[in-house]
Structure formats: C-alpha cells, structure tokens
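The sequence shown finishes on residue 274 if you use my numbering, and the numbering steps up by one all the way, no holes. C-beta: ideal position from N, C-alpha, C; glycine also. Just below is one structure, and these are the notes that go with it.
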Amino acid sequence: MSHTEYQTQAAALLETLSWRYAVKKFDAEKKLSEEQLQLLLEVLRLTPSSYGLQAWKFVVVENSDLRRELIKHSWNQDQVADASHLLVLCRKSSLNGEDVEQFVQEIAETRGVSTEELAGYENMMKGAVEGRTKDERAVWMEKQLYIALGNLMTACASLGIDSCPMEGFDAGAYDELLSLEEKGLNAVLVVPVGYRAEDDAYAPLAKVRKPLDELIVRI
Ligand SMILES: Cc1cc2nc3c(=O)[nH]c(=O)nc-3n(C[C@H](O)[C@H](O)[C@H](O)COP(=O)(O)O)c2cc1C
56 MSHTEYQTQA AALLETLSWR YAVKKFDAEK KLSEEQLQLL LEVLRLTPSS
106 YGLQAWKFVV VENSDLRREL IKHSWNQDQV ADASHLLVLC RKSSLNGEDV
156 EQFVQEIAET RGVSTEELAG YENMMKGAVE GRTKDERAVW MEKQLYIALG
206 NLMTACASLG IDSCPMEGFD AGAYDELLSL EEKGLNAVLV VPVGYRAEDD
256 AYAPLAKVRK PLDELIVRI
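Printed below as a string of structure tokens:
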C-alpha cells in the first residue's frame, strides 16, 4: 500500500468511527435487508474469544409484540422496538468441561487433527474453565461479549448501519420474556441496529472524548 493509499484509508476509518454514535431514535420505517442482517451475524460469529471457546449465542428478536414489551424492561428506551432489528448478545448460563470437549471435537474436525493431539490444549482450557468459580466464569463470558459488541458496532458503521450499545436493561426480565434460561442463555448486552431517525437530537452532537494526551501513557 502506498503512503497516499494508507492516508486515504486512515481518513476513511476515522470518518467511519466518528460517523457512528449511540442512536437514541431509530427510523422505524427503515429496515435492513436479510442480506445485511446475515452479514452482521457473520461479524458476530467471527468475533475472537478466549481460547476460541465462543461461550455465547446471539439472539435476534423478531417478534414485534415482544419487542414492544421489552421497552419497559429497557429503561423505557424505544430503540429496542423501533430499530430495524434487535440483537441480544447472550452468554451461556453455564460453562464446563463438556463445552471444552465439544470445542476440541470441533477443532479436530475443522483442522483435520486428532483429539489426542489436542489433549494438552484441552487440559489447559479445562483448567481455565474449572479453575474459575461459577460467578467468575459468568464474568469471563460477559467480558468477551463486549468484544463482540465492539466488532459489531464498528462493522455496522463501516456499512453505514446505525446501532446503539445498551446495558440499560433488566437482564432478568429479558431472560424470562425471551425464555433464555431454558435455552441455557443469559442476556448480557442489547444492540438495536438499523437507521437513525432524521430528527434524532443526538445525531448532530459533537463527540465528547478526552484529548489523546490525557488518555495515552507512553512508557
Ligand atoms: C457498554 C455500553 C452500554 C451502553 N448503554 C447504553 C444504553 O443503555 N442506552 C443508550 O442510549 N446508550 C448506551 N450507551 C451509549 C453510550 O452512552 C455512548 O456510547 C457514549 O456516550 C459515547 O457516545 P457515542 O457512542 O455516541 O460516541 C452504552 C455504551 C456502552 C459502550
């Protein structure tokens, strides 16, 4: 890549990251195509996770009645109903040695190696899982979902798709209303995606970010 090409790409990247903002009001009439949705789901699937374990699932809430119902469990934030699509990033309710064994099986099949060859890696992963308490495993899984969130928001922005990262919701109510517990899942993050409303008052606001010299420590 020439330096000029680099500069063009760098400017485009910063433009994309500045263009996105946490949308407060979505245009309820503007929908993503199924193709766009599939691409966003692929972005979630490609998100890296610790050891590659992927202790998560991504729920697309398609039922509009349910989405309306979720507003009151989301600090009355309408985005969950008005956005084109509602994604709920979920962790597994439990993570244990069996999940590791299943994953090892998947590595063996995908890469054409024997599970015996992966025994060392398997034991290391089992140690990482079983060495944590149930609560620690939950926190570990949740931290990784924030990587999926970051990936998703950036990918959305690069495609001109709006999103809003949301922690402002009652996870217990989501688990119940969406029957997540019986699917072995717990809601961690909510991400409405779609298109900003023309009159979203937040769209024109300048980004508030600390200056680099306050944020960066070079040692
Ligand atoms: C983890 C996380 C949770 C957030 N939860 C909410 C939320 O529930 N509702 C909302 O409107 N914005 C939410 N935000 C948006 C932030 O307020 C916003 O990203 C921040 O103010 C920076 O502004 P910008 O994203 O518009 O650049 C959340 C952001 C993050 C990263």
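Residue i Cβ short of 7 Å to ligand 1 heavy atom set
i	result
Met221	yes
Ala212	no
Lys238	no
Tyr76	yes
Lys262	yes
Lys79	yes
Under the three-state DSSP convention, the category residue i falls into
i	result
Asn178	helix
Gly152	helix
Asp217	strand
Val159	helix
Arg146	strand
Asn206	helix
Contact with chain E by residue i, beta-carbon distance below 8 Å
i	result
Tyr76	Given the protein chain composition of this structure (a single chain), no chain E is represented.
Burial state of residue i (16 or more Cβ within 10 Å)
i	result
Leu241	In the sequence as presented, Leu is not what sits at residue 241; that position holds Asn. Per the 10 Å Cβ criterion, buried.
Arg75	buried
Ser88	exposed
Trp111	buried
Val115	exposed
Lys262	exposed
Leu141	buried
Tyr61	exposed
Opposing strand residues paired with residue i [DSSP bridges]
i	result
Pro247	Leu141
Asn118	In DSSP, Asn118 forms no bridge with anything.
Ala242	Cys145
Ala77	Ser218
Phe113	Leu144
**OP:** Pair every Cβ in the stretch 118–135 with every Cβ in the stretch 219–232, then say whether three or more of these pairs are closer than 8 Å.
**Re:** With the cut-off at 8 Å, the stretch 118–135 and the stretch 219–232 touch.
**OP:** Flag this pair as touching only if the stretch 79–86 and the stretch 245–259 have three or more C-beta atom pairs under 8 Å; answer yes or no.
**Re:** A contact exists between the stretch 79–86 and the stretch 245–259.
Subject >> Three-pair Cβ contact test at 8 Å for the stretch 162–180 versus the stretch 212–220 >> reply: At 8 Å Cβ cutoff, the stretches do not touch.
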